[in-house]
Ligand SMILES: Nc1ncnc2c1ncn2[C@@H]1O[C@H](COP(=O)(O)OP(=O)(O)OP(=O)(O)O)[C@@H](O)[C@H]1O
Ligand SMILES: Nc1ncnc2c1ncn2[C@@H]1O[C@H](COP(=O)(O)OP(=O)(O)OP(=O)(O)O)[C@@H](O)[C@H]1O
Ligand SMILES: [Mg+2]
Ligand SMILES: [Mg+2]
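Protein chains in written order, with our numbering: chain W, 34 to 315; chain C, 5 to 415; chain X, 210 to 563; chain F, 45 to 353; chain S, 328 to 601.
Structure below.
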């Protein structure tokens with residue numbers, strides 16, 4: 034994306050000193066579903082501009098954590114502070130307005146809509162013209178539509194999905210759908226991007242592309258990224274800090290190196306072999 | 005090429021009301037066939053006809069009306085077989101100059117020919133029907149209704165609501181009480197209605213029902229112990245098929261009729277001889293002579309006589325326009341002798357219409373189901389005009405005002 | 210071969226955002242409109258206008274309204290008849306109670322009242338979904354049926370509960386003949402179809418579709434379910450109410466509550482499903498299918514010179530109609546509109562198979 | 045008090061009758077995820093078959109016994125409904141595997157038109173009689189306790205008992221058999237069910253046959269009450285709020301829903317109706333269902349509506 | 328294309344030049360041929376949209392529900408043409424597919440999901456044994472056995488889907504992206520299970536995978552697809568050492584594993600090269 038996304042924050046975003054203030058602080062979150070403790074007393078923070086990974090075995094509560102931040106789930110306990118504002122429970126709309134975007138593990142695309150419409154819908158928050166103008170589609174409404182369309186086209190170029198613009202997303206192969214999902218999130222021009230297994234179901238080449246997108250977004254616009262991923266290669270390579278969850282509890286937090294050497298993490302998640310040599314290649 | 009006169013037949017042989025619609029439609033068609041077969045048409049003018057299925061649906065009825073109104077030399081009057089369709093085509097008929105014949109249904113105020121030039125509610129309306137029912141009840145009660153409780157259980161639609169103004173007027177005048185029990189169509193389940201009736205114990209129940217509501221109501225009356233002898237049904241709820249299957253359970257159930265359904269007259273014999281024996285009957289021979297079938301034949305007969313009357317004026321042996329046939333409707337004069345000659349002598353009362361009176365006759369009588377067949381229970385009553393006429397005036401004046409119709413003067 | 214996009218390059222986003230980006234479509238559309246406004250009035254008979262085209266147009270409009278709700282926003286409604294009734298009766302009351310009320314304002318006023326009713330009955334949709342929501346709309350249906358039957362003032366104290374309107378005039382111009390009425394309907398339908406199309410391809414349309422396809426994800430990107438659903442109910446009921454007013458005023462002229470009964474609701478739902486959920490053009494296809502096919506089937510025996518009884522013909526008609534519905538669904542579950550676009554896609558590739 | 049009890053009891057009976065029709069909806073929905081619009085048409089078709097066979101067989105085979113006629117007619121009607129189910133699977137459902145619910149709903153609508161037409165074409169559209177010897181006259185109970193006693197309809201009582209039996213059987217079928225579980229799987233995901241070897245064709249024929257037989261029982265009971273004619277397909281409209289209230293996927297829900305709707309609508313009509321002009325029970329049933337749904341959006345016993353991301 | 332394992336017995340599954348069209352117009356497979364010998368593990372590799380899933384659907388006859396049809400070519404199982412069989416018939420013949428994207432029965436509990444997997448099995452004892460086996464493979468499922476499948480995590484659902492297929496005691500399994508969404512440990516486990524079943528119970532596998540490294544590690548033979556065609560095939564060990572495969576599918580071009588961080592505009596470079 035060559036042009037303005039969200040305004041780079043106070044000049045500090047670029048290389049050099051990468052991370053800044055604490056942007057998001059999660060304090061003592063607990064979440065239960067009936068008898069299942071999905072999250073137990075989880076606390077961690079995310080700094081501005083960093084790439085923060087959340088890892089953990091299946092069912093550890095990673096997706097649930099994102100859902101709490103997003104306001105999809107209401108945790109029974111704990112508080113979430115975003116940009117200095119503290120919430121017990123956030124409502125999805127507020128979260129979106131504050132600049133948090135999100136992709137989904139199980140693909141929550143709008144199946145009946147085209148790629149273009151899916152990504153355009155990410156910009157709906159920014160649309161100002163009212164119903165009547167939209168119905169008449171004259172003057173400001175059209176101008177607005179074109180202006181957003183331009184922004185979306187840049188995202189489409191960036192993600193290299195030009196050829197599928199008008200295809201209904203339901204017909205795309207899985208990997209491309211993941212990309213559209215990312216596109217929709219990017220269209221919101223978020224300050225913070227929550228990615229739930231964005232690289233599942235991709236081969237190495239495609240994962241590399243995806244990493245590229247994530248890194249570009251992170252570096253060029255200073256967008257903070259929270260990333261859930263099972264591919265340790267990716268996590269180790271691109272993240273700044275890693276949280277490890279297991280059975281709803283936090284068992285590790287630190288730089289990739291620290292986490293990789295944490296015995297709890299090795300036992301619960303990585304397995305002895307995986308920690309000693311990266312899973313991809315030899 | 006001999007002249008031909010086109011008769012449109014709006015019918016419903018399918019849908020909710022088919023059990024009534026089928027014999028009715030058969031009767032209408034059979035009589036036209038009979039006239040063609042026996043008399044070679046009306047003064048040599050062959051009757052042609054075409055059925056159009058409405059399924060009792062107003063929109064479909066409108067489509068049928070539009071489709072058939074200009075056929076031949078013009079449709080010779082429509083019998084829409086439905087109150088809803090009548091409403092929908094009344095205005096159109098006014099513009100198209102086609103007569104609408106609604107024997108025993110339609111708008112009660114359309115008796116007034118000065119306002120409703122094109123409508124012919126021949127033989128009776130729901131107001132005359134309600135009036136005659138009350139007369140019969142009064143007679144049973146020794147002449148007066150004072151202090152009685154009368155319930156109206158009705159199909160909750162314009163059709164079922166028609167008698168209400170008259171009932172209320174008479175109740176106020178004669179000191180009896182009317183209570184209203186609407187039944188939401190189709191009326192398959194009427195327990196609450198009949199529980200209320202069981203609780204309030206009205207002396208009589210007037211039953212303005214249609215279709216499946218009728219057997220459901222009779223069954224429920226039976227199940228809640230309300231005597232069927234105290235029920236008076238409108239003519240659309242008093243056909244054979246309404247009670248046949250209930251048999252003894254409906255014993256005592258009264259219905260009003262505009263004709264002697266029970267009677268087998270010459271027209272039935274002719275029909276058998278000229279139509280059914282030749283294998284040209286429209287329906288099963290068993291339905292000939294049932295109430296609905298006979299009513300269908302009467303309706304066609306009235307139409308044929310209107311055509312005949314109009315031919316007297318506009319030229320015998322000619323095919324007439326819709327507008328000309330209307331004149332015939334307005335100048336019907338079927339005396340007892342004429343009816344006898346037509347084979348309807350035993351079946352119905354004389355009919356005479358005029359510019360201001362589009363009903364022609366308002367006599368009716370009560371029949372009762374004896375568990376196996378209908379029995380004539382009363383002599384003919386004529387509707388009491390004292391309450392009906394002012395109502396007709398009032399309602400047709402309102403209609404004229406709403407619609408910007410300038411009443412004609414009949415002279 | 211005939212349908213090539215080659216050489217048509219879009220050089221601006223506004224060109225790509227145009228209603229019909231492909232030139233052939235654009236011409237076809239102008240052609241169609243020209244035929245409808247100029248040619249049809251001269252060739253069709255009164256019967257065709259009154260019994261075929263006018264009802265088709267009005268029901269198409271209602272179907273568009275419903276399609277917005279069901280097809281675009283994913284809220285199943287079985288109360289369309291009720292909203293049509295509200296539109297019709299409200300317009301009627303405006304017309305008879307306010308001296309000199311312009312016809313167009315009455316019609317629009319009918320639409321607005323329907324909007325209010327639609328929003329009211331749409332509130333449960335915030336909690337209830339899918340087929341369960343059908344209950345809320347059915348409640349609307351039966352309640353309005355009852356209300357129009359029971360409240361005398363609704364029908365201006367008409368004794369029988371049926372009402373009628375006469376003298377349709379706009380600015381002194383009377384709409385009396387079938388052709389005039391047809392043109393009135395055509396203009397209104399064309400205008401509202403365009404407005405509806407604009408809405409569904411704009412931001413609000415995307416909100417509706419997002420709610421339909423995946424409401425949790427929609428909420429996460431900042432779409433307010435309350436706003437999206439209620440606007441869908443509002444816009445939908447407005448159009449449906451307007452169609453209802455037209456149905457009463459222009460098509461029927463006089464009507465009783467049964468004219469807007471549950472049958473109408475079902476009929477309209479069938480139209481949008483058969484035509485194609487989430488497609489404005491589909492609403493027209495669906496209305497054509499449901500309105501015209503039975504008429505057509507009705508004529509077939511005549512054309513073939515068969516003399517079968519009315520009842521048999523009518524039963525056969527039902528059977529064939531039912532069978533055709535199933536047949537079309539098998540060929541294309543997403544409705545006639547999708548079938549049409551697949552056909553177009555084939556044309557585009559023709560003569561190559563793929 | 046006596047009257048109140050009578051009302052409640054009347055409501056319970058009516059509710060059972062609704063439940064009987066509702067059951068057909070639930071069965072097919074639970075087992076294939078299809079909201080079967082044709083249920084009303086199936087009730088009509090089955091009842092017509094039953095009524096006409098019972099009329100024809102004695103004529104064709106020359107016997108008199110009403111019992112024999114009824115038994116034969118019932119057997120033949122069951123066979124007819126199985127054939128109908130088989131045809132529906134063959135000609136429609138099979139080709140609509142894995143389509144969305146609304147498409148399938150629409151297909152059942154087509155089926156319903158077809159059955160309406162075919163039923164009346166084959167069996168006629170007048171009123172026909174089903175006489176399975178249901179008692180029609182009322183009985184009085186508790187005459188000493190209440191003034192005037194309580195009036196009960198025996199016919200309703202019998203019908204309610206039959207409905208209860210049917211429900212018990214079906215509940216067992218769903219809970220205890222392997223097929224029951226497979227049916228629920230099919231409702232969730234046609235394709236996945238296929239992929240693990242559940243033969244959709246066979247399952248659907250079974251389900252629609254059972255649905256047809258339930259329709260037949262409902263048709264016999266309603267038909268012996270009202271006579272068999274087109275209108276009995278309209279009782280499906282009465283069953284609709286019942287299914288929704290009880291939960292689309294729950295057999296016991298259909299019964300409980302039926303009872304609640306039955307009692308609710310009778311009470312409302314009798315105690316509320318007079319104040320607003322009467323005739324309210326129809327919409328009141330829906331409003332009642334709506335009220336419950338606002339508390340439990342999936343109906344009383346329906347499967348929870350799942351939304352997860 | 329070379330005939331794989333040419334001197335081995337006739338293949339269990341033989342796909343011959345099939346062409347698949349979705350929705351009457353979208354041509355997705357353009358003449359795909361492949362062989363799966365009895366008792367082997369064959370991997371089907373390729374990028375997004377290459378047509379792997381479509382190939383598997385064509386084999387298991389699940390295309391109809393997606394409005395796809397096989398328009399050319401033929402598929403044989405043990406020499407028998409199977410295009411006209413129903414998926415249920417195929418399961419009867421021992422071929423089960425694990426669908427991409429899990430497809431658990433949302434309203435059924437995990438255990439009920441597994442039990443429906445045994446629909447074609449009638450022996451109670453066998454079913455119980457299979458259930459135990461699946462629970463042994465995936466202990467996580469046992470702890471969640473009474474949860475409705477919809478409320479389990481993505482990975483748990485994936486395990487459930489695989490376990491459900493195993494409940495049918497299949498002789499051949501078509502696995503579509505089994506590793507997707509699974510934690511590395513579990514991925515390892517899944518492949519171990521595959522190997523286990525293959526060795527001990529002689530189950531044949533055709534597996535479509537994105538995780539090329541793992542797939543080639545465990546498979547005997549591999550096919551690589553691109554845009555609806557098979558572009559390369561060979562023994563897994565050969566493929567794993569092939570330079571192109573290494574570069575495009577294993578991310579170890581030039582012998583060195585590259586950090587994900589350092590890969591710059593990979594796609595674009597590839598396009599220039601093309
Ligand atoms: N139901 C469908 N309708 C139309 N096109 C489809 C459908 N399913 C798949 N396709 C198209 O077929 C092509 C191949 O898809 P397929 O799902 O087989 O790829 P894949 O190799 O499995 O990809 P992935 O690794 O992303 O799962 C894609 O271009 C896709 O768009
Ligand atoms: N809505 C819900 N209702 C009930 N249980 C839930 C719900 N959402 C999550 N859970 C349970 O909470 C636990 C954590 O689930 P979550 O989806 O957060 O796991 P995860 O870490 O994302 O796993 P995976 O890597 O497999 O996606 C799981 O056991 C899951 O079954
Ligand atoms: Mg997860
Ligand atoms: Mg795939």
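By construction, the Cβ of each residue, glycine as well, lies at the ideal position given by its N, Cα and C atoms.
Small disclaimer: the values here were computed from a predicted structure and weren't measured.
- Considering only beta carbons, the part of the segment 232-265 of chain F lying closer than 9 Å to chain S consists of 232, 233, 234, 235, 236, 237, 238, 239, 240, 241, 242, 243, 244, 245, 246, in chain order.
- Boundaries for residue 121 of chain C: no alpha helix (DSSP H) harbours it, and the DSSP string shows neither H nor E there.
- Shown here, residue 337 of chain C sits in a strand according to DSSP, grouped into three states.
- Relative to residue 138 of chain F, the option among S/404, S/394, S/417 whose CA is nearest is S/394.
- Between residue 89 of chain F and residue 177 of chain F, the alpha-carbon positions lie close to 21 Å from each other.
- Per DSSP, reduced to three states, the secondary structure at residue 109 of chain C is coil, with no helix or strand assignment.
- The CB of residue 512 of chain S never comes closer than 8 Å to any CB in chain F; the least such distance is about 24 Å.
- Contacts between residue 554 of chain X and chain S, judged by CB atoms closer than 8 Å, involve 352 in chain order.
- Residue 381 of chain X does not reach chain C, its nearest Cβ partner there being about 16 Å away, counting only Cβ pairs nearer than 9 Å.
- For residue 279 of chain F, the neighbours in chain C by C-beta distance under 7 Å run, in chain order, 192.
- When only Cα atoms are considered, residue 440 of chain X and residue 157 of chain W end up about 15 Å apart.
- Not flagged as an interface residue toward chain W: residue 500 of chain X, since no C-beta distance is shorter than 8 Å.
- Per DSSP, the unbroken beta strand (DSSP E) holding residue 370 of chain C starts and ends at 367-373.
- Residue 211 of chain W has its Cβ no nearer than 7 Å to any heavy atom of ligand 3.
- The beta carbon of residue 400 of chain C is closer than 6 Å to those of 113, 116, 119 in its chain, skipping five residues each way along the sequence.
- Among the CB atoms of chain F, none fall inside 8 Å of the CB of residue 546 of chain S.
- Straight-line measurement puts the Cα of residue 118 of chain F at about 44 Å from the Cα of residue 276 of chain X.
- By the rule that beta-carbons nearer than 8 Å mark a contact, residue 111 of chain C does not touch chain F.
- The beta-bridge partner set that DSSP reports for residue 159 of chain C consists of C/187.
- As the crow flies, the alpha-carbon of residue 308 of chain F is around 20 Å from that of residue 342 of chain X.
- In the three-state reduction of the DSSP assignment, residue 77 of chain W falls in the strand class, which pools E and B.
- Taking a Cβ-Cβ cut-off of 7 Å, the neighbours of residue 424 of chain S in chain F comprise 239, given in sequence order.
- Under DSSP, residue 197 of chain F forms a beta bridge with F/182.
- Under the 10 Å beta carbon count, residue 257 of chain W is surrounded by 16 or more other beta carbons and is classified as buried.
- For residue 163 of chain F and residue 263 of chain F, the gap between their C-alpha atoms comes out near 13 Å.
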